[in-house]
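Numbering (the working numbering), first residue to last: 89 to 168.
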């Protein structure tokens with residue numbers, strides 16, 4: 089059986105802001121090469137935070153998140 093090479097993996101990812109606002113809790117995801125993904129949610133739900141973590145912009149979080157070797161992820165902020 090061939091092993092699956094994911095382009096990005098996160099395990100038990102969590103993020104809380106000062107004051108205790110938890111926006112991400114216990115998220116585990118893996119993306120296959122060529123996958124198309126969408127991130128949907130209410131304002132303040134953690135969508136931008138999730139993408140910042142994936143791009144390496146946000147580094148303070150619990151759990152693990154990493155791209156596969158040779159994969160680079162960019163992030164374009166909503167507001168310059």
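By construction, the Cβ of each residue, glycine as well, lies at the ideal position given by its N, Cα and C atoms.
None of the values given here were measured: they were computed from a predicted structure.
Use the C-beta contact count for residue i: other C-beta atoms within 10 angstroms, 16 or more gives buried, fewer gives exposed.
i: residue 107; result: exposed
i: residue 130; result: exposed
i: residue 134; result: buried
i: residue 125; result: exposed
i: residue 153; result: buried
i: residue 109; result: exposed
i: residue 112; result: buried
i: residue 138; result: buried
i: residue 141; result: buried
i: residue 128; result: exposed
i: residue 164; result: exposed
If you run the structure through DSSP and keep just helix, strand and coil, what is residue i?
i: residue 97; result: strand
i: residue 115; result: strand
i: residue 110; result: strand
i: residue 103; result: strand
4-residue-minimum alpha helix (DSSP H) runs that sit fully inside the stretch 129-158, ordered along the chain: 135-143
Three-pair Cβ contact test at 8 Å for the stretch 118-125 versus the stretch 91-101: yes
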